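Enquirer:
Rendered as structure tokens:
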């Protein structure tokens with residue numbers, strides 16, 4: 001199920017591509033996505049402790065933010081992180097997908113919300129006794145870390161894309 005809208009919001013398209021997103025805000029979205037993915041990364045590492053692909057992907061995303069990695073290389077790394085989750089239990093798989101979405105922000109800024117959504121799914125699926133409580137706790141944790149300059153935009157985007165993001169932003 002795609003988590004990107006059919007019509008792209010120009011607020012998540014960079015200025016050089018005809019949108020209104022500044023590089024500074026693009027980098028803030030990428031960092032927030034990395035923080036969300038990194039928070040659930042232990043769920044992946046518990047299931048696959050020797051596999052560094054998701055952690056490496058987050059590092060590549062941060063290197064892209066610093067201007068040390070070209071966008072195309074960051075984009076390719078997303079597929080590597082996604083592949084790490086194949087065949088693993090849901091918490092680990094979703095954590096790997098969160099890392100893949102986080103590094104994909106370099107290519108398409110709107111992937112930032114995918115990183116948060118997959119991190120929420122990872123947290124919820126890791127708690128068999130209280131999945132909803134775990135999701136809400138993770139959602140609260142994420143929302144406290146939204147960059148102040150983007151808070152209203154991110155919250156609005158969560159409301160707008162909640163339905164295509166499995167309803168994880170409700171609450």
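Residue numbers (full-length UniProt numbering): 1 to 171.
For glycine and all other residues, C-beta sits at the position ideal for the given N, C-alpha and C.
In this text the structure is predicted, and so the values were computed from the model without any measurement.
Evaluate residue 77 with the Cβ neighbour count: other Cβ atoms within 10 Å of its Cβ, from every protein chain shown; 16 or more gives buried, anything less gives exposed.
Expert: The residue in question, residue 77, is buried, as its Cβ has 16 or more Cβ neighbours within 10 Å.
Enquirer: Please identify the residue among 105, 86, 3 whose C-alpha is closest to the C-alpha of residue 29.
Expert: Comparing Cα-Cα distances from residue 29 to each of 105, 86, 3, the minimum goes to 105.
Enquirer: By DSSP, does residue 118 sit in helix, in strand, or in coil?
Expert: In the structure shown, residue 118 sits in a helix (DSSP, three-state: H, G or I).
Enquirer: Assign residue 52 to one of three DSSP states: helix, strand, or coil.
Expert: The answer is coil: DSSP assigns residue 52 none of H, G, I, E or B.
Enquirer: Which same chain residues, not among the five before or five after residue 136, have their C-beta less than 7 angstroms away from its C-beta?
Expert: Result list for residue 136: 171, in chain order.
Enquirer: Less than 8 angstroms between the CB atoms is what I'm expecting for residue 110 and residue 41, so what's the real figure, rounded?
Expert: Contact flag wrong, Cβ pair sits at about 22 angstroms.
Enquirer: Indicate whether residue 172 and residue 95 have their beta-carbon atoms separated by less than 8 angstroms.
Expert: Residue 172 lies beyond the stretch modelled for the chain, which goes from 1 to 171, so this question has no answer here.
Enquirer: Using the rule of at least 16 other Cβ atoms within 10 Å of the residue's Cβ for burial, across every protein chain shown, is residue 91 buried or exposed?
Expert: When all chains shown are included, residue 91 counts as buried.
Enquirer: 8 angstroms is my cut-off, CB to CB: does residue 144 come that close to chain C?
Expert: Of the protein chains in this structure there is only one, and it is not chain C.
Enquirer: Ends of the alpha helix (DSSP H) at residue 32?
Expert: Per DSSP, residue 32 belongs to the alpha helix (DSSP H) from 23-47.
Enquirer: Can you tell me whether residue 1 is buried or exposed, with buried defined as 16 or more other CB within 10 angstroms of its CB?
Expert: Below a pLDDT of 50, predicted positions are generally treated as unreliable, and residue 1, at 49, falls in that range; no measurement from the model is reported.
Enquirer: Could you pull the DSSP bridge partners for residue 14 from this structure?
Expert: Answer by DSSP bridge pairing, in chain order: 21.
Enquirer: Please state whether DSSP places residue 166 in a helix, a strand or coil.
Expert: Three-state result, residue 166: coil.
Enquirer: If you measure from the CB of residue 18, is any heavy atom of the ligand FAD nearer than 7 angstroms?
Expert: Within the structure as shown, the ligand FAD is missing, as the structure has no ligands at all.
Enquirer: Note down the Cα distance separating residue 16 from residue 107, rounded to an integer number of angstroms.
Expert: Taking the straight line joining both Cα atoms gives about 13 angstroms.
Enquirer: For residue 82 and residue 100, which I take to be in contact (beta-carbon distance under 8 angstroms), what is that distance rounded to the nearest angstrom?
Expert: With a Cβ gap of about 4 angstroms, residue 82 and residue 100 count as contacting.
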